[in-house]
Amino acid sequence: MEEKNPTVEKAEENRGKVIVRTSIIGILTNVALAAFKAAVGILSHSIAVTLDAVNNLSDALSAVITIVGTKLAGKLPDKKHPLGHGRIEYLSAMLVSGIVLYAGITSAVESVKKIIHPEKPDYSILSLVIIAVAVVTKVVLGRYVKAQGEKVNSGSLVASGSDAMNDAILSASVLASALIFKLTGLSLEAWVGIVIAIFIIKAGIEMMTETLDDILGSRANKEVTDEIKKLMLSEPEVRGVYDLVLYNYGPDKNLASVHVELPDTMTSKEIDRLTRTLERKVFKETGVVVAAVGVYSYNTGSDEAARIQKDVRDRVLAHEWAVQLHGFYLEMETKEMSFDVVMSFDISPKEALKTLYEEIGGAYPDYDIQIAADVDISVTD
């Protein structure tokens, strides 16, 4: 495994500082907005403004959790957690989504109560100005936080920035309902509160779903896997790159395992040199640590082996659920045949293997056949 160089450590340190600084700005801004809106909501008897204040307060609490999560995630590896603590960021994001969801549900309940037992608001010019300023402030804050999140690849900051932009829309709807009341006497307070609650609940569910994907493990980014395969295939000895799996241990902390297909004439010394070259190249260009490189050897100098391989490949790929065949090797003297088949999620591996053993075994009854079922983890060409 590659040692972490000073440049990488410095980048991680700067990332943490950006996240903390941005989160603190978000906390101070949201607390100030919450205080002003709460005062306006209480004085004007406006449920919509009060719920908007609660929403800002939940945003401030979310930012606090983001800071704590970032600090804990930045702890150095230890004996119990040798790969670091980066995944704590996902847990903090899950907590944030839970808070947002709770705020949305609470807002919905309070709005329904106000629909059943309505109370007319009483807006002043000052309260309208405060709401208008809050709208502009949320737009500026949202754009800033989201930009910083994208810059340092922080899912929590990106989510907070998007949430702030949604808050600006909600605050604008509160302002619109207040103006409608001032001009027509029609009170839409409670109904606007319902709309705010729906937006908050939707944001909470989306944040929770995205974080769950990170925790459970999702398909690797195609651009990253394609780049890794391209880098490895640039070495003349490598004929194929297969079974590429990325293991994520937090934002920008990825390990990988992979199989490369090499000629059966290479020595262990040559393979060792090549794999070290591949590891260094991938880490330098992508930041991914290649922790394990397995080897598939392919037959050289045998026309009969090439003919059998083509025949087996044609038979296997005739099935729609067979995505790819690789790692094929034939021992002519001992009559042994082995290969891997990447299968789609449309068929159970047990059923697929039963079919393949019957077909290939029937075509080559003299061979001892070993077929490995692979999962289509990364996008397969």
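The opening position of the sequence shown corresponds to residue -10 in the numbering used here, with each subsequent residue numbered one higher.
Beta carbons: idealized from backbone N, C-alpha and C, even for Gly.
Shown here, A311 sits in a strand according to DSSP, grouped into three states.
Checking the DSSP bridge columns, you'll see N243 partnered with N237. The beta carbon of G63 sits closer than 6 Å to those of G5, all from its chain and outside the five residues before and after it, given in chain order.
The Cβ atoms of L84 and I54 sit closer than 8 Å to each other. In the three-state scheme derived from DSSP, where H, G and I count as helix and E and B as strand, I358 is classed as strand. By the neighbour-count criterion, in which a residue is buried when 16 or more other Cβ atoms sit within 10 angstroms of its Cβ, P225 is exposed.
Contact annotation, I119 with L159: C-beta distance approximately 15 Å; criterion of less than 8 Å not satisfied. Cβ-Cβ distances below 7 Å link P66 to L72, G73 in the same chain, with the five nearest sequence neighbours on each side left out; the list follows chain order. Across the structure, T198 and G206 are spaced so that their CA atoms are roughly 12 Å apart. Taking W310 as reference, the option from M332, Y353, H34 with the minimal CA-CA separation is M332.
In the structure shown, S327 adopts extended strand secondary structure according to DSSP, grouped into three states. In this structure, the alpha-carbon of V277 lies about 25 Å from that of S286. Here F328 is buried, its C-beta having at least 16 other C-beta atoms within 10 Å.
Judged by DSSP in its simplified three-state form, A42 adopts helix. Contact between the stretch 290 to 298 and the stretch 314 to 323 is present: 3 or more CB-CB pairs across the two stretches fall below 8 Å. Unbroken beta strand (DSSP E) stretches of 3 residues or longer found wholly inside the stretch -4 to 78: none. When the beta-carbon positions are compared, S47 and V89 come within less than 8 Å of each other. Apart from sequence neighbours up to five positions away, no residue of its chain approaches K68 with a beta-carbon distance below 7 Å. DSSP places G351 in the uninterrupted alpha helix (DSSP H) bounded by 338 to 352. Nearest neighbour of Y112 by Cα position, chosen from D41, R304, L164, S246, turns out to be L164. In the three-state DSSP reduction, Y287 falls in the strand class (E or B). Per DSSP, reduced to three states, the secondary structure at E224 is coil, with no helix or strand assignment.
Partner residues in the beta bridge of G229, as assigned by DSSP, are E250. Nearest C-alpha to S33 among E178, H106, L306: E178. The beta carbons of S176 and P107 sit closer together than 8 Å. E274 sits close to E216, with the two beta carbons spaced by under 8 Å. Each residue's CA atom was taken as its position, placing N3 and G58 some 16 Å apart. Exclusion of the five residues before and after R265 leaves no residue of its chain whose Cβ lies closer than 8 Å to its Cβ.
Within a 10 Å sphere around the beta-carbon of G351 sit fewer than 16 other beta-carbons, which makes this residue exposed.
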